[in-house]
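One structure is given here, and the rest of the page talks about it.
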Amino acid sequence: MIVPLTVPARSFGEEAIQRIKDIEYAKVGKHALLLDLYLPEAKTNPPLLVWIHGGAWRAGSKSNMPLIQLVKNGFAIASADYRLSPVAKFPAQIHDIKAAIRFLRGSASKYGYNARKIGILGSSAGGHLVALMGVTNGHPQLEGDLGDFDQESSSVEAIVDYYGPTNFMTILKQSTPHGLSVRVPALQLLLGDDPTNQPKLAQLASPVFHVDAKDPPLLIIHGDQDPQVPINQSHELHGAYKKHKRNVTFEVIHGGAHGGPEFYDTARIKLVEDFLRKHLADKIAPVNNVQQGK
10 MIVPLTVPAR
20 SFGEEAIQRI
30 KDIEYAKVGK
40 HALLLDLYLP
50 EAKTNPPLLV
60 WIHGGAWRAG
70 SKSNMPLIQL
80 VKNGFAIASA
90 DYRLSPVAKF
100 PAQIHDIKAA
110 IRFLRGSASK
120 YGYNARKIGI
130 LGSSAGGHLV
140 ALMGVTNGHP
150 QLEGDLGDFD
160 QESSSVEAIV
170 DYYGPTNFMT
180 ILKQSTPHGL
190 SVRVPALQLL
200 LGDDPTNQPK
210 LAQLASPVFH
220 VDAKDPPLLI
230 IHGDQDPQVP
240 INQSHELHGA
250 YKKHKRNVTF
260 EVIHGGAHGG
270 PEFYDTARIK
280 LVEDFLRKHL
290 ADKIAPVNNV
300 QQGK
């Protein structure tokens with residue numbers, strides 16, 4: 010189903026965005042895995058980004074995609090659902106998202122975007138999943154075998170992590186009482202037990218344990234007053250990247266909590282866009298200056 014979506018232009022007038030809903034990218038038994046695709050109509054062969062929603066791994070939806078401005082600025086964005094923890098425990102979520110990346114690469118010519126290099130973005134639990142995606146390119150335990158595009162790569166080339174957990178072995182010790190009330194049941198549901206009782210699985214699920222000298226550029230955005238995911242989680246991932254001399258940018262939102270409009274304001278959208286333009290290989294032409302055939 011193709012639904013025309015009209016959104017306000019940056020200054021005045023209107024600019025059309027094409028939204029293709031409920032594209033099936035893989036199936037697990039009778040469970041169809043779906044994504045929505047947003048395409049800027051004024052841009053030929055736009056570069057592809059993938060958005061992964063949050064919700065403590067047990068809730069949330071692809072329909073909540075907060076980066077429409079980036080579509081207006083010339084990016085294609087796929088917003089993907091994945092199996093939630095009441096349905097399947099880890100590593101099902103990462104298997105699903107890697108299948109989505111393979112599907113999107115294999116379907117680039119069909120939908121008309123450029124998937125040679127892909128940026129992946131997500132918030133909260135989605136931030137955890139995109140960070141884990143980026144630092145486990147080619148990991149045999151996390152690749153999975155879902156979908157029809159096993160000849161395609163599931164690698165991503167740039168990561169934007171909005172306040173995601175990064176180390177399941179330390180997050181509970183760092184958490185406030187409110188944070189514990191959210192994280193303890195969420196992690197038990199995701200892993201099947203407390204992280205301390207499942208240390209190998211908890212480490213497999215923690216991005217900080219996978220960082221190495223081959224990982225793609227990373228942008229972290231986190232509020233220093235986050236009551237749910239301690240900012241120390243992002244400090245740990247930042248430190249691991251610095252240790253391995255990888256490209257990393259850490260944007261702290263002073264006074265910022267766990268999400269909110271300030272994470273997607275004009276300044277942060279520009280920060281994210283500049284980061285993606287720099288690290289995704291193909292030149293991204295301005296929307297109103299499209300060069301045909303490029």
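Going by our numbering, the sequence shown opens with residue 10, and the numbers climb by one from there.
For glycine and all other residues, C-beta sits at the position ideal for the given N, C-alpha and C.
So residue 201 is in the alpha helix (DSSP H); what residue range does that whole segment cover?
Segment: none, residue 201 is in no alpha helix (DSSP H) and carries neither H nor E.
Please give me, in chain order, every unbroken run of the beta strand (DSSP E) with length at least 3 that falls completely inside the stretch 213-266.
227-232, 257-262
What is the rounded straight-line gap between the Cα of residue 287 and the Cα of residue 180?
32 Å
Close-in-space but distant-in-sequence residues of the same chain around residue 225 (CB under 7 Å, 5 per side omitted):
143, 165, 166, 167, 168
Compare the Cα-Cα distances from residue 175 to each of 136, 77, 102, 58 and report the closest residue.
136
Three-way DSSP call (helix, strand, coil) for residue 123 in this model:
strand
With a cut-off of 8 Å on the beta carbons, I'd call residue 67 and residue 198 a contact; round off their distance for me.
6 Å
Alpha-carbon to alpha-carbon, residue 284 and residue 301:
Note that residue 301 has pLDDT 35, beneath the 50 cutoff, so the model's placement of it is unreliable and the number below is only indicative. Distance between the alpha carbons of residue 301 and residue 284: 25 Å.
Nonlocal neighbours in the same chain, by C-beta distance under 7 Å from residue 282, ignoring five residues either side
79, 82
Among residues of its own chain, excluding the 5 on either side of residue 200, which ones have a beta-carbon nearer than 8 Å to its beta-carbon?
98, 99, 177, 207, 210, 211, 214
Per DSSP, cross-strand counterpart(s) of residue 131:
61, 170
Would you mind stating whether residue 35 and residue 90 have Cβ atoms separated by less than 8 Å?
no
Can you say whether residue 111 is buried or exposed, counting buried as having 16 or more other CB atoms within 10 angstroms of its CB?
buried
Do residue 49 and residue 56 have their C-beta atoms closer together than 8 Å?
no
Leaving out five residues before and five after residue 92 in sequence, what residues of the same chain have Cβ atoms less than 8 Å from its Cβ?
37, 40, 42, 101, 102, 105
If you measure between the beta carbons of residue 61 and residue 131, is that distance less than 8 Å?
yes
Check for me: the alpha helix (DSSP H) holding residue 75 runs from which residue to which?
Note, residue 75: premise wrong, no alpha helix (DSSP H); not H, not E.
Check whether the Cβ atoms of residue 44 and residue 109 lie closer than 8 Å to each other.
yes
So is residue 263 buried or exposed if we call it buried at 16+ other beta carbons inside 10 Å?
exposed
Cβ-Cβ distance between residue 236 and residue 188 below 8 Å:
yes
Reduced DSSP category for residue 161 - H, G, I as helix; E, B as strand; rest coil:
coil
So, do the stretch 227-235 and the stretch 112-121 have three or more beta carbon pairs nearer to each other than 8 Å?
no
Limits of the beta strand (DSSP E) - the one that residue 40 falls within:
40-49
In this structure, what does DSSP give as the bridge partners for residue 86?
47, 58
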